[in-house]
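Below is one structure, written out as structure tokens, with a few remarks after it.
Protein chains: 2
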Amino acid sequence: MPKNYLLIPGPTPVPQDVLLEMAREMVNHRGAEFASVLKTSTELLKKVFKTQNDVLILTASGTGGMEAAVANFFSQGDPVLVGICGVFGERFAKICKTYGLNIKTIECEPGKGVEPEVLEKTLKENPDIKGVFLTHNETSTGVTNDLKELAPIVKQNPERLLVVDAVSSLGAIDLPTDELKIDIVVTASQKALETPPGLAMVSVSELAWKYNEKANLPRFYFDLKQAKKFLEEGATPFTPAVSVVFALKKALENILTRGLEENFKRHKFLGRAVREAIKALGVTRLLADERWASDTVTPVVPPENVNPDELRKYIRNKFGVVLAGGQGSLKGKIFRIGHLGYVEPTDILVAISAIEVALENLGYKGLKGKGVQVAEEVFAEYYKN
Amino acid sequence: MPKNYLLIPGPTPVPQDVLLEMAREMVNHRGAEFASVLKTSTELLKKVFKTQNDVLILTASGTGGMEAAVANFFSQGDPVLVGICGVFGERFAKICKTYGLNIKTIECEPGKGVEPEVLEKTLKENPDIKGVFLTHNETSTGVTNDLKELAPIVKQNPERLLVVDAVSSLGAIDLPTDELKIDIVVTASQKALETPPGLAMVSVSELAWKYNEKANLPRFYFDLKQAKKFLEEGATPFTPAVSVVFALKKALENILTRGLEENFKRHKFLGRAVREAIKALGVTRLLADERWASDTVTPVVPPENVNPDELRKYIRNKFGVVLAGGQGSLKGKIFRIGHLGYVEPTDILVAISAIEVALENLGYKGLKGKGVQVAEEVFAEYYKN
Numbered sequence: 001m002p003k004n005y006l007l008i009p010g011p012t013p014v015p016q017d018v019l020l021e022m023a024r025e026m027v028n029h030r031g032a033e034f035a036s037v038l039k040t041s042t043e044l045l046k047k048v049f050k051t052q053n054d055v056l057i058l059t060a061s062g063t064g065g066m067e068a069a070v071a072n073f074f075s076q077g078d079p080v081l082v083g084i085c086g087v088f089g090e091r092f093a094k095i096c097k098t099y100g101l102n103i104k105t106i107e108c109e110p111g112k113g114v115e116p117e118v119l120e121k122t123l124k125e126n127p128d129i130k131g132v133f134l135t136h137n138e139t140s141t142g143v144t145n146d147l148k149e150l151a152p153i154v155k156q157n158p159e160r161l162l163v164v165d166a167v168s169s170l171g172a173i174d175l176p177t178d179e180l181k182i183d184i185v186v187t188a189s190q191k192a193l194e195t196p197p198g199l200a201m202v203s204v205s206e207l208a209w210k211y212n213e214k215a216n217l218p219r220f221y222f223d224l225k226q227a228k229k230f231l232e233e234g235a236t237p238f239t240p241a242v243s244v245v246f247a248l249k250k251a252l253e254n255i256l257t258r259g260l261e262e263n264f265k266r267h268k269f270l271g272r273a274v275r276e277a278i279k280a281l282g283v284t285r286l287l288a289d290e291r292w293a294s295d296t297v298t299p300v301v302p303p304e305n306v307n308p309d310e311l312r313k314y315i316r317n318k319f320g321v322v323l324a325g326g327q328g329s330l331k332g333k334i335f336r337i338g339h340l341g342y343v344e345p346t347d348i349l350v351a352i353s354a355i356e357v358a359l360e361n362l363g364y365k366g367l368k369g370k371g372v373q374v375a376e377e378v379f380a381e382y383y384k385n
Numbered sequence: 001m002p003k004n005y006l007l008i009p010g011p012t013p014v015p016q017d018v019l020l021e022m023a024r025e026m027v028n029h030r031g032a033e034f035a036s037v038l039k040t041s042t043e044l045l046k047k048v049f050k051t052q053n054d055v056l057i058l059t060a061s062g063t064g065g066m067e068a069a070v071a072n073f074f075s076q077g078d079p080v081l082v083g084i085c086g087v088f089g090e091r092f093a094k095i096c097k098t099y100g101l102n103i104k105t106i107e108c109e110p111g112k113g114v115e116p117e118v119l120e121k122t123l124k125e126n127p128d129i130k131g132v133f134l135t136h137n138e139t140s141t142g143v144t145n146d147l148k149e150l151a152p153i154v155k156q157n158p159e160r161l162l163v164v165d166a167v168s169s170l171g172a173i174d175l176p177t178d179e180l181k182i183d184i185v186v187t188a189s190q191k192a193l194e195t196p197p198g199l200a201m202v203s204v205s206e207l208a209w210k211y212n213e214k215a216n217l218p219r220f221y222f223d224l225k226q227a228k229k230f231l232e233e234g235a236t237p238f239t240p241a242v243s244v245v246f247a248l249k250k251a252l253e254n255i256l257t258r259g260l261e262e263n264f265k266r267h268k269f270l271g272r273a274v275r276e277a278i279k280a281l282g283v284t285r286l287l288a289d290e291r292w293a294s295d296t297v298t299p300v301v302p303p304e305n306v307n308p309d310e311l312r313k314y315i316r317n318k319f320g321v322v323l324a325g326g327q328g329s330l331k332g333k334i335f336r337i338g339h340l341g342y343v344e345p346t347d348i349l350v351a352i353s354a355i356e357v358a359l360e361n362l363g364y365k366g367l368k369g370k371g372v373q374v375a376e377e378v379f380a381e382y383y384k385n
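Chains A and B, in that order, are what the protein sequence lines are.
When we follow the UniProt record's numbering, the leftmost residue of the first sequence carries the number 1, and every step to the right adds one.
When we follow the UniProt record's numbering, the leftmost residue of the second sequence carries the number 1, and every step to the right adds one.
The structure is reproduced here in structure tokens:
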């Protein structure tokens, strides 16, 4: 097998020192050592979330965190608005529906984000809406919603809850939770946080806790109030994925030592390099409108006669570069390059090379080095600064 | 710090080869390699569950599996019966209540299990009961319910669902799921399965799937029908704790190579050795009635003037032996010795020695070697066979 270049939008590559934390001897999840690790991880997470709100760690995937964000704060029949830019926006809508909320949606074309004007108009026409669910970075379409534009619109009514899925953005793309007054932010360990999957994290504002008191939806495993209560003692209500918490602490220390702003900058350059390279190839094109183009994942439309899943298979077998396929209605139509978490320029150079060689061998001539060249230009600028 | 002897009823010690699986490089959770690991793990689990039913793996603690066992198969107002022998029976009742089921309970005195006569009488008086929830091994009181006696009583009505929490027993104490016609069995990775925490497993019978079609309780993350659908492709609906699944496969291979019956036998001897030693000390006594005494955890009542939590602290600091405290109403009244999973006679000898020395130093004279001697007698018999 060739070397493994995991370039999907999660799980993402895990640094060696973080992997080794996973192999640590098991400890008592109610003991002093674990309590200290859990409390430290939570404090470090708050820095990444840029919040003073409570941050609670659940043993679950990001979707479990999304479910917690619904079940803890709303009641049957509550009117809510969900911005849908792809599969993960749809997922929020499905969870809300499962729990009997009364949903309005804003549906974006694939590759486009939520327009501020549309959000404002929809909220004006539906003044009873109690909560707005937005996807910060929509992995399926490579779209990043501009929360600096959207959050203040939601908060024109300061009593309205703003819930943000930041699963594939937090730590890679700036999300100033408190500055934007976001009530609930959900993320997960296996994306920009450079940790194996197994943990979801949810931040909860004072306003959200007020909603929590009246919320009548059933919740037990995902009960965030219980989680908050146990966290005071450095514990969780139920046995957590101890090893993943060890790993998370190490990964957060790495990220914060490197610097959050430096992390955002690297992701900006990674995203730009990928996009410029894909455009330079000429035969491939970007799915996402550049206005909303994501710095963590880039969906690519292949040449008309190329099956993206066959292309991915070839690239994986020859180069060890693992790319993601399309999701939902985009299945079989695109491939996606993940560039978040422990991903560096070298990984991108390899991936672009692999795509060039694969397309050359499929008959698309004159591509060799074309994308790599422009990626190098972007990275030259990155290293200059 | 002294060497670590983790003798709590979970998380349990993890063998070195299983820990190293945790440190494996991250892979695509939708790729062929992970699909193969997930499918193999599921097949191996079926052998441990002794079932041909579906077995589904969730990224959650055992409590998440318990919640899945409620939310997937019942509807609001359904009459159910919960056998309560301690904290984990209570937990099943709380989950049922959270979801609006109509609960009857059988409450056992601390240290006693469910009496077959009481179960039979309760079911006769409440013929409308649709589901019965039983704890196989109640960790808080060290009680093992005899499912070979109880299951046939529940199944006098073959259309009634039998749900069993086997979190702290499966793999250590025989539980022939299919032979006993148990519809839903819940367990977790961090107990007898010798794997770090992070995964729950749920087996689902044909009858349970029929209930699933009509069940109206909300479920999304814990939707077992979705899990079954995705498993056909070797995947999970949401990103699983990939590393823990790697570890689980290795641990199950270890257990099945050693032999399930051999595992049950070792746990029987471990349990007997601990109980005989505690009795031999004279100043300590067993909480659980010997009729129901658990082979995976032994709650111990300390001498009257000894604070069990202070005793545990001393033993942990001097000997590195980590014991558990009491839970619920038993908090501060007992300590518990876990002897499940990757625990061997040597660990028990160390733990008994540690308890002897600690009590001696607290003024209880003449204990040195007293418990160890009878434990050795039990182990001599174990190694003779």
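Just so you know, even glycine gets a beta-carbon here, dropped at the ideal spot from N, CA and C.
{"Check": "So, isoleucine 95(A) versus valine 80(A), is the Cβ gap smaller than 8 Å?", "Outcome": "no"}
{"Check": "Assign leucine 58(B) to one of three DSSP states: helix, strand, or coil.", "Outcome": "strand"}
{"Check": "Of the choices Arg30(B), Lys124(B), Asn145(B), whose alpha-carbon is the least far from that of phenylalanine 230(B)?", "Outcome": "Arg30(B)"}
{"Check": "At least one CB of chain A closer than 8 Å to the CB of proline 9(B): is that the case?", "Outcome": "no"}
{"Check": "Which residue from Thr98(B), Val82(B), Ile348(B) puts its Cα closest to that of arginine 219(A)?", "Outcome": "Thr98(B)"}
{"Check": "Give me the residue from Val283(A), Glu344(A), Ala351(A) with the minimum Cα distance to arginine 316(A).", "Outcome": "Ala351(A)"}
{"Check": "DSSP state of methionine 66(B), grouped into three classes?", "Outcome": "helix"}
{"Check": "Report the neighbours of isoleucine 95(B) on chain A: residues whose CB is nearer than 7 Å to its CB, in chain order.", "Outcome": "Phe220"}
{"Check": "With DSSP collapsed to three states, give me the class of asparagine 263(B).", "Outcome": "helix"}
{"Check": "Across the stretch 238 to 249 of chain A and the stretch 344 to 363 of chain A, are there enough close Cβ pairs to call them in contact, namely three or more that are closer than 8 Å?", "Outcome": "no"}
{"Check": "Determine the closest residue to threonine 135(B) out of Val82(B), Glu253(B), Glu33(B), Lys265(B), with distance taken between C-alpha atoms.", "Outcome": "Val82(B)"}
{"Check": "Using only the alpha-carbon positions, how far apart do leucine 123(A) and alanine 151(A) sit?", "Outcome": "12 Å"}
{"Check": "Just list the residues that DSSP pairs asparagine 102(A) with in beta bridges.", "Outcome": "Pro79(A)"}
{"Check": "Using the rule of at least 16 other Cβ atoms within 10 Å of the residue's Cβ for burial, across every protein chain shown, is arginine 312(B) buried or exposed?", "Outcome": "buried"}
{"Check": "Check the Cβ of asparagine 28(B) against every Cβ in chain A and list those closer than 7 Å, keeping chain order.", "Outcome": "Leu6, Ile8, Val322"}
{"Check": "Go ahead and pull the three-state DSSP assignment for leucine 7(B).", "Outcome": "coil"}
{"Check": "To be precise: take each residue of the stretch 230 to 250 of chain A, compare its Cβ to all Cβ atoms of chain B, and keep it if any distance is under 9 Å. Which residues remain?", "Outcome": "Thr236, Pro237, Phe238, Thr239, Pro240, Ala241, Val242, Ser243, Val244, Ala247"}
{"Check": "Could you check what DSSP says for aspartate 17(B) in three-state terms: helix, strand or coil?", "Outcome": "helix"}
{"Check": "Decide if lysine 191(A) is buried, meaning its Cβ has at least 16 other Cβ atoms within 10 Å, or exposed.", "Outcome": "buried"}
{"Check": "For the stretch 199 to 213 of chain B, list every residue whose C-beta sits within 9 Å of some C-beta in chain A, in sequence order.", "Outcome": "Leu199"}
{"Check": "May I have the straight-line CA-CA distance separating proline 176(A) from alanine 208(A), to the nearest angstrom?", "Outcome": "17 Å"}
{"Check": "Give the secondary structure of arginine 272(A) by DSSP, where H, G and I count as helix, E and B as strand, and everything else as coil.", "Outcome": "helix"}
{"Check": "Note the first and the last residue of the continuous alpha helix (DSSP H) segment covering aspartate 174(A).", "Outcome": "Run containing aspartate 174(A): none; DSSP gives neither H nor E here."}
{"Check": "Applying the criterion that 16 or more other CB atoms from any shown protein chain within 10 Å of the CB defines a buried residue, is asparagine 137(B) buried or exposed?", "Outcome": "buried"}
{"Check": "Taking Cβ positions only, does alanine 69(A) come closer than 8 Å to chain B?", "Outcome": "no"}
{"Check": "Just to confirm the assignment, what range does the alpha helix (DSSP H) spanning glycine 131(A) have?", "Outcome": "Premise fails: glycine 131(A) lies in the beta strand (DSSP E), 131 to 135, not in any alpha helix (DSSP H)."}
{"Check": "Please go through the same chain and pick out, in chain order, the residues whose beta-carbon is closer than 7 Å to the beta-carbon of alanine 60(A), but skip the five residues on each side of it.", "Outcome": "Ala200"}
{"Check": "Using a Cβ cut-off of 8 Å, which residues of the stretch 134 to 155 of chain B contact any Cβ in chain A, in chain order?", "Outcome": "none"}
{"Check": "Between which two residues does the alpha helix (DSSP H) holding glycine 371(A) run?", "Outcome": "370 to 384"}
{"Check": "Counting only Cβ pairs nearer than 7 Å, list the residues of chain A close to glycine 31(B).", "Outcome": "Val322"}
{"Check": "Enumerate in chain order the residues of its own chain whose CB-to-CB distance from alanine 93(B) is below 7 Å, with the five nearest sequence positions on each side excluded.", "Outcome": "Val82, Ile84, Ile103, Thr105"}
{"Check": "DSSP puts alanine 200(A) in a beta bridge; with which residues?", "Outcome": "Leu58(A), Ala188(A)"}
{"Check": "Run through chain A and tell me which residues come within less than 9 Å of proline 196(B), C-beta to C-beta.", "Outcome": "Met22, Met26, Ala241, Val242, Ser243, Val244"}
{"Check": "Checking contacts by CB at 8 Å: is proline 176(B) closer than that to chain A?", "Outcome": "no"}
{"Check": "Can you pull the DSSP bridge partners for proline 299(A)?", "Outcome": "Arg336(A)"}
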